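K.L.:
Residue numbering for the sequence shown is 10 to 195, as defined by our numbering.
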Amino acid sequence: MSSEKRKLHERMSVSLDLESVELVEKLQTEYQTSKSEIVRKALQYLEVISEEGRVPPEELRTIIKLIARPDMITIDVSLIEAFLEGIDQEADKLKKEVHNVGKEIYNEYCDMGISTPGNCLKTIEKTNLFKVASDSKDSFTLVSANQKMDKILKAFLEGLLEEYSEDIAVKAEHGKIRITTKKKTA
Numbered sequence: 010m011s012s013e014k015r016k017l018h019e020r021m022s023v024s025l026d027l028e029s030v031e032l033v034e035k036l037q038t039e040y041q042t043s044k045s046e047i048v049r050k051a052l053q054y055l056e057v058i059s060e061e062g063r064v065p066p067e068e069l070r071t072i073i074k075l076i077a078r079p080d081m082i083t084i085d086v087s088l089i090e091a092f093l094e095g096i097d098q099e100a101d102k103l104k105k106e107v108h109n110v111g112k113e114i115y116n117e118y119c120d121m122g123i124s125t126p127g128n129c130l131k132t133i134e135k136t137n138l139f140k141v142a143s144d145s146k147d148s149f150t151l152v153s154a155n156q157k158m159d160k161i162l163k164a165f166l167e168g169l170l171e172e173y174s175e176d177i178a179v180k181a182e183h184g185k186i187r188i189t190t191k192k193k194t195a
């Protein structure tokens, strides 16, 4: 028997902390397979993440949550732009509809435990509609993926963020969307 055939599997010993051991055992039960198979599968996923730019686990979790839902899609910005240019609705009617969509998504985000404007913006940032260029506790500057979308994004963000128990100001100007929040006082 050649050494290549004997090396099809290599036995390894690894030291895991208690949390990791519990996770492996949980996955072993869930998938009804061996610990070795769980580790092999985990390595495949880690390789994909590594090749795609080392996506942090929390971002990956958010992306998976969003795309696992049948009512969410990942879409190229140029396609959205084409839709916006092709829509024959009046601009005000479209903005109102987008505003209402923002309100609906607010409720969905609350169900997901996203309870602050900052967390909301960070979640949407993962969809690549915009990047949060700078932020503080009470203000955010967003750079949209496409400046032609700024007016529509402004309406969407107003609908989304006005449902929080805070005063929200959303301005689209100079290629940026600026959001300021001010807690309401009783």
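Ideal Cβ positions, reconstructed from N, Cα and C, are used throughout, including at glycine. Treat the numbers as computed from the prediction; the structure is a model and nothing was measured.
1. Could you check where the alpha helix (DSSP H) with THR38 kicks off and where it finishes?
2. Go through the region 98-175 residue by residue and report every complete run of the beta strand (DSSP E) that reaches 3 residues or more, in order.
3. Helix, strand or coil, according to DSSP, for ILE84 in the structure here?
4. Give the DSSP-derived three-state secondary structure of GLU61 in the structure shown.
5. Tell me, please, which residues DSSP counts as bridged to ILE72.
6. Can you tell me which of the three DSSP states LYS185 falls into?
7. Sort out for me which residues DSSP pairs LYS180 with in a bridge.
8. Using only the alpha-carbon positions, how far apart do ARG78 and SER145 sit?
9. Taking Cβ positions, are MET158 and LEU69 nearer each other than 8 Å?
10. Residues in the same chain with beta-carbon distance under 8 Å from HIS108, minus the five sequence neighbours each way, listed in chain order, please.
11. With distances taken Cα to Cα, identify the nearest neighbour of HIS18 among GLU61, ILE58, SER45, SER24.
12. Please state the DSSP three-state secondary structure of GLU19.
13. Determine the burial state of ALA181: buried for a count of at least 16 other Cβ atoms within 10 Å of its Cβ, exposed for fewer.
14. For GLU134, I'd like the list of residues in its chain whose CB is within less than 7 Å of its CB, leaving aside the five on either flank, ordered along the chain.
P.N.:
Taking the geometry as given:
1. 27-40
2. 139-144, 148-153
3. coil
4. coil
5. None; ILE72 has no bridge partner.
6. strand
7. ARG187
8. 31 Å
9. no
10. ALA164, PHE165, GLU167, GLY168
11. SER45
12. coil
13. buried
14. LYS140, VAL141
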